[in-house]
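Adding 3 to a residue's 1-based position in the sequence shown gives its number in my numbering.
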Amino acid sequence: MSVFRVAMDAWAIGQVFPVLPLHRLEERPSVAATLADVTCDSDGKLCRFGHAGREGAGREDLAEEDEGRLFRRPAPFLRLHALREGEPYRLALALGGVYQEILGSSHNLFGRMHAVALGAGGPGMWAGLGGGEADAWGRLPGGCRILSIRRGETVAQVLKGVHYSAQDLLSNVHDVAQTQVSEGGLDIGDAEDLVQAYADCLRSYPYLSQGVRPQ
Numbered sequence: 004m005s006v007f008r009v010a011m012d013a014w015a016i017g018q019v020f021p022v023l024p025l026h027r028l029e030e031r032p033s034v035a036a037t038l039a040d041v042t043c044d045s046d047g048k049l050c051r052f053g054h055a056g057r058e059g060a061g062r063e064d065l066a067e068e069d070e071g072r073l074f075r076r077p078a079p080f081l082r083l084h085a086l087r088e089g090e091p092y093r094l095a096l097a098l099g100g101v102y103q104e105i106l107g108s109s110h111n112l113f114g115r116m117h118a119v120a121l122g123a124g125g126p127g128m129w130a131g132l133g134g135g136e137a138d139a140w141g142r143l144p145g146g147c148r149i150l151s152i153r154r155g156e157t158v159a160q161v162l163k164g165v166h167y168s169a170q171d172l173l174s175n176v177h178d179v180a181q182t183q184v185s186e187g188g189l190d191i192g193d194a195e196d197l198v199q200a201y202a203d204c205l206r207s208y209p210y211l212s213q214g215v216r217p218q
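Given below as structure tokens:
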């Protein structure tokens, strides 16, 4: 995730976005966490969360607005579960959407993320989001249905947005590799592997994706 792409107002005006885990909802979370994004910017973080943050929160956690109304102070951490080796653990950030995406930028060349539109109906509609695969009709357990999936931008698409041609870059790498082969600096196999790896990178997703790339 890049805060500057999906939650710009968290950095700009201190907006508090709801963040919650999608797994192990039946277990009590035990880890106090803040979230850092994948950019190199020290402001790329979420460290204010919209809940008490601990059990037994009292009067000291309340603040008063100008009109005299009380509201809960944002918590400085989010309660999550301890990670387990080999198990996925994903978080959802809510209330982002189109407005935040329009405000956002490709800071550090991180482009648009994958987006999924869900339709819900009936009680317990979020129950299936902690696990389970969609069926043949795109329905998730608990009453959710996948309406559409928009693939995020590839590296090549992000580069095009800043006026770099992926084909030109690939041609340059190919030419350099061929020069190294002719001068004895690389053998043909290594040169081909280098060019292929570069081409795969251009087609890949800018974010960590466990080998899954947009098509």
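No residue lacks a Cβ here, since even glycine has one placed at the ideal position from N, Cα and C.
Under the three-state reduction of DSSP output, VAL19 falls in the coil class, being neither helix nor strand.
Excluding its 5 nearest sequence neighbours in each direction, ALA95 has C-beta neighbours in its own chain below 6 Å: LEU23 and LEU25, listed in chain order. For ALA95, the uninterrupted beta strand (DSSP E) segment begins and ends at 94-96.
According to the DSSP secondary-structure assignment, GLY122 is paired through a beta bridge with ARG148.
The residue among ARG27, HIS84, VAL6 and ASP193 with its C-alpha nearest the C-alpha of GLY99 is VAL6. The beta carbons of HIS110 and THR157 sit no closer together than 8 Å. Counting along the chain, LEU83 sits inside the beta strand (DSSP E) bounded by residues 81-83. Going by DSSP, VAL161 is part of the alpha helix (DSSP H) stretching over 158-164. ASP12 and GLN18 have their C-alpha atoms some 5 Å from each other. The stretch 176-183 makes contact with the stretch 191-204, as at least three CB pairs between them are under 8 Å. Here the C-alpha atom of LEU83 lies approximately 38 Å from the C-alpha atom of ALA202.
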